[in-house]
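A quick write-up on the structure given underneath.
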Amino acid sequence: MIFFIENEVDAEFDFDPEEIARSVCEAVLQEESCPWDVEVNMIITDDNGIQEMNRQFREIDRPTDVLSFPNVEYPEPADFSALDGVQKNDCLDPDTGKIMLGDIVINEKRVREQALSYGHSQKREFAFLTAHSMLHLCGYDHMEPDEAKVMEDKQTLILDSLGITRDQD
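Mind the numbering: the sequence shown is residues 57 to 225 in the working numbering, read in order.
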């Protein structure tokens with residue numbers, strides 16, 4: 057996996073965001089049995105940056121905690137056979153030969169606020185938002201209660217497998 061991160065607001069955390077994001081992304085890809093070598097891009101921004109993207113791409117004029125921009129259209133979540141045909145060429149980075157899975161945008165202010173609100177570490181909140189967004193990049197959604205339950209279970213499984221729990225320091 058190639059992982060690019062741009063910290064456009066120079067957010068500082070007491071953990072290495074690139075290390076945590078990369079490990080979470082790799083864990084999701086492994087759990088979902090992704091057969092492709094992929095690229096994932098992440099931007100860390102603030103309320104203003106994410107609000108602008110939310111307005112521009114989703115026509116929702118307010119900040120949020122995380123945005124996901126998947127490049128792959130899946131017939132079913134994590135059905136990577138979608139990349140066996142023409143879509144693979146559309147998602148292939150000609151410079152690297154890897155599948156461009158998509159982009160993740162995280163609001164650093166919401167990481168801090170939500171960690172405090174939920175009573176866990178900023179590292180855990182950042183990892184959670186990364187896992188949540190990666191699942192979107194793999195075709196999952198949470199529009200219906202049963203879909204939300206699947207995503208919640210997968211997020212917990214991924215974070216637990218990495219030892220990133222709510223009760224850690």
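Where a beta carbon is used, it is the ideal one built from N, C-alpha and C, also for glycine. Computed from a predicted structure; not experimentally measured.
Please say whether S79 and L45 have beta carbons closer to each other than 8 Å?
Residue coverage of the chain in this structure runs from 57 to 225, which leaves residue 45 outside it and unanswerable.
Are V128 and L157 close, meaning C-beta to C-beta below 8 Å?
Indexing the sequence shown from 1 puts residue 128 at position 72. Indexing the sequence shown from 1 puts residue 157 at position 101. Yes, these two residues count as a Cβ contact at 8 Å.
F69, DSSP secondary structure in three states
Position 13 of the sequence shown holds residue 69. F69: coil per DSSP, three-state reduction.
Taking the beta strand (DSSP E) that T186 falls in, what are its first and last residues?
Mapped onto the sequence shown, residue 186 falls at position 130. T186 -> not in any beta strand (DSSP E); alpha helix (DSSP H) instead, spanning 178–193.
Any idea what DSSP makes of I76, helix, strand or coil?
Within the sequence shown, the letter at position 20 stands for residue 76. In this structure, I76 counts as helix in the three-state DSSP scheme.
Between F113 and the rest of its own chain, which residues show a CB-CB distance below 6 Å, the 5 nearest in sequence each way excluded?
Here the question's residue 113 lines up with position 57 in the sequence shown. If we look at F113 and ignore the five residues flanking it on each side, it has no Cβ neighbours.
Should F60 go down as buried or exposed, given a rule of 16 or more other Cβ atoms within 10 Å for buried?
For the purposes of this step, residue 60 is taken as the residue at position 4 of the sequence shown. The residue in question, F60, is exposed, as its Cβ has fewer than 16 Cβ neighbours within 10 Å.
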